[in-house]
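Numbering (the numbering used here), first residue to last: 266 to 444. Okay, structure first, notes after.
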Amino acid sequence: MKKQKRCAIYARVSTEEQNPQIQIDELKTISSQQNYMVFDIYVDKVSGTKSSRPELMRLLKDAKNKRFDVVLCYKLDRLGRSLQHLIKIISYFQKWDVDFICTSQNIDTTTSSGRLVFHIFAAIAEFERELISERTKLGMKKAKNVGKRGKDKKKRKKGGYYLRYQKKGSMEIDDLDLI
266 MKKQKRCAIY ARVSTEEQNP QIQIDELKTI SSQQNYMVFD IYVDKVSGTK SSRPELMRLL
326 KDAKNKRFDV VLCYKLDRLG RSLQHLIKII SYFQKWDVDF ICTSQNIDTT TSSGRLVFHI
386 FAAIAEFERE LISERTKLGM KKAKNVGKRG KDKKKRKKGG YYLRYQKKGS MEIDDLDLI
């Protein structure tokens, strides 16, 4: 009899106000269809551009400790938007014999065609992020030229996400080799 695979579900939204439940429900449905046992659900509420995400770090620690066999993610840009960051995460998964499946984009790194599709979508996700950044900078430049000001340059009070995880000693993906 074939051993039932254990999966981890990873979902991410960019802000505290957004709800990841649609992603989670979809991934639970897929795990059930594939006959995967859900080991745990990891949810970050932080921008994908941040490499220091508490739940992503917990997911990676659990992957290294072989607590599950496969990671399910709804969309590639939920895992990260930097090509370098995505490739690093997937290479860790491969090193630890953990499969990665991105359900909405049909990416399955257990196959050569799935790995090719992963690299294409990762490059597109990074390109999209750079376009958004360029448009934002251009908009700020235009606003400044017509006399509008952005946020004042005075030092802002840190709160929310920063304060919650400052105490926990957040780690970045580059720190994983130290785990």
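Cβ coordinates follow ideal geometry from the N, Cα and C atoms, glycine included. Keep in mind the model is a prediction, meaning the values are calculated, not measured.
Separation of residue j from residue i, as counted between CA atoms
| i | j | result |
| --- | --- | --- |
| residue 410 | residue 403 | 11 Å |
| residue 337 | residue 312 | 19 Å |
| residue 319 | residue 309 | 7 Å |
| residue 361 | residue 406 | 46 Å |
| residue 381 | residue 297 | 26 Å |
| residue 273 | residue 330 | 13 Å |
| residue 288 | residue 307 | 11 Å |
| residue 391 | residue 275 | 19 Å |
| residue 350 | residue 357 | 11 Å |
| residue 383 | residue 355 | 9 Å |
| residue 326 | residue 408 | 44 Å |
| residue 460 | residue 290 | Limits of the chain in this structure are 266 at one end and 444 at the other, which puts residue 460 out of reach. |
| residue 280 | residue 375 | 32 Å |
Per-residue DSSP class, three states only, for residue i
| i | result |
| --- | --- |
| residue 380 | helix |
| residue 271 | strand |
| residue 334 | coil |
| residue 364 | strand |
Residue environment, residue i, which counts as buried when at least 16 other CB atoms sit within 10 Å
| i | result |
| --- | --- |
| residue 386 | buried |
| residue 342 | buried |
| residue 366 | buried |
| residue 277 | buried |
| residue 286 | exposed |
| residue 370 | buried |
| residue 412 | exposed |
| residue 328 | buried |
| residue 322 | buried |
One or two residues paired with residue i in a DSSP bridge
| i | result |
| --- | --- |
| residue 308 | 276 |
| residue 373 | 366 |
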